[in-house]
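Asks: Take a look at the following structure, please.
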Amino acid sequence: MKFGVVIFPDSSCGEDMVYMLQDVLKQDVIKLWHQDHDHQNVDCIVLVSSLPHADAVHQGTSAKFSPIVDHVIQFAANGGYVMGICSGFQLLTAAGLLPGMLLRKNEQPLLYQESCIKPDHHDAPLTRTLELSKAYKILGPQVQGQYEISDQVLETLEENGQVLFRYCSEEGVVIDEYNIN
């Protein structure tokens, strides 16, 4: 697969995502500057954090005005894969690519929290080669990110295969208490 990682000014994890996709997962990667007007024929566009660790404002709200976002929206409308991580996920909701909204977690300081996720299915190119029973450790700042949608919308996302990973225990057990968002 050929991935395009959108790089925003002062991005806190764009280069990390490029490293992960290119050097660890051995995928083709192109850096897409947020001012670009072309997605350069990638198969999947990855939106990462648009500001360095500053969850005080809905980051996706300001980032949605970057020129590349219009192209990301069109790319998704034409069936392209789009993945949002950290405030890139916020951008998906702010740009209307994903229903729902993200809320700030009440009275919680910025924490770097280790969590585990496991793939939900093998139907997506990103999860196709991963073990479905294996828990993968992730680390990230957690303040904003409480994703709010109705049960009906969640059911639709699940039916469409749009939920790729679920929070779980280190043993791979999925229950609500492990969902940090």
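Residue numbers (our numbering): 103 to 283. C-beta atoms are modelled at their ideal positions from N, C-alpha and C, and glycine is treated no differently. Just so you know, these numbers come straight off a predicted model, no measurement behind them.
Suppose you measure from the CA of Val174 to the CA of Gln248; what does that come to, to the nearest Å?
Replies: Walking along the sequence shown from the start, residue 174 turns up at place 72. Walking along the sequence shown from the start, residue 248 turns up at place 146. If I take the Cα positions, the gap works out to 24 angstroms.
Asks: Please classify Asp157: does DSSP put it in a helix, a strand, or coil?
Replies: Within the sequence shown, residue 157 is the residue found at index 55, counting from 1. In this prediction, Asp157 has a pLDDT of 45, which is less than 50 and means its spatial position is unreliable; what the coordinates show is noted afterwards. Asp157: coil per DSSP, three-state reduction.
Asks: Between the Cα of Leu259 and those of Phe177, Val148, His141 and Leu200, spot the shortest distance and give me the residue it belongs to.
Replies: In the sequence shown, the residue the question calls residue 259 occupies position 157. Ranking Phe177, Val148, His141 and Leu200 by Cα distance to Leu259 puts Leu200 first.
Asks: Flag Asp118 as yes if its beta-carbon sits less than 8 angstroms from any beta-carbon of chain D, otherwise no.
Replies: Here there is only one protein chain, and chain D is not present.
Asks: Any idea what DSSP makes of Pro169, helix, strand or coil?
Replies: Against the sequence shown, residue 169 aligns to sequence position 67. It is helical.
Asks: Could you tell me the alpha carbon to alpha carbon distance between Ser252 and Ser217, rounded to whole angstroms?
Replies: Residue numbering aside, residue 252 sits at position 150 when the sequence shown is read from its first letter. Residue numbering aside, residue 217 sits at position 115 when the sequence shown is read from its first letter. Cα to Cα, the separation comes out at about 24 angstroms.
Asks: Among Leu193, Asp222, Cys188 and Leu123, which one has its Cα closest to the Cα of Gln215?
Replies: Looking up residue 215 in the sequence shown gives position 113. The candidate whose alpha carbon is nearest that of Gln215 is Cys188.
Asks: Leaving out five residues before and five after Ser168 in sequence, what residues of the same chain have Cβ atoms less than 6 angstroms from its Cβ?
Replies: For this step, residue 168 is matched to residue 66 along the sequence shown. These residues qualify, in order along the chain: His136.
Asks: Nearest CA to the CA of Ile170: which residue from Leu134, Glu233 and Val126?
Replies: Taking the sequence shown and counting its residues from 1, one reaches residue 170 at position 68. Of Leu134, Glu233 and Val126, the residue nearest in Cα terms is Leu134.
Asks: Is the separation between the beta-carbon of Ile132 and that of Val144 shorter than 8 angstroms?
Replies: What you label residue 132 is simply residue 30 of the sequence shown in a count that begins at 1. What you label residue 144 is simply residue 42 of the sequence shown in a count that begins at 1. Result yes, Cβ atoms of Ile132 and Val144 sit closer than 8 angstroms.
Asks: Would you call Pro227 buried or exposed, if buried means 16 or more other Cβ atoms sit within 10 Å of its Cβ?
Replies: Here residue 227 refers to the residue found at position 125 when the sequence shown is read from its first residue. Pro227 comes out exposed.
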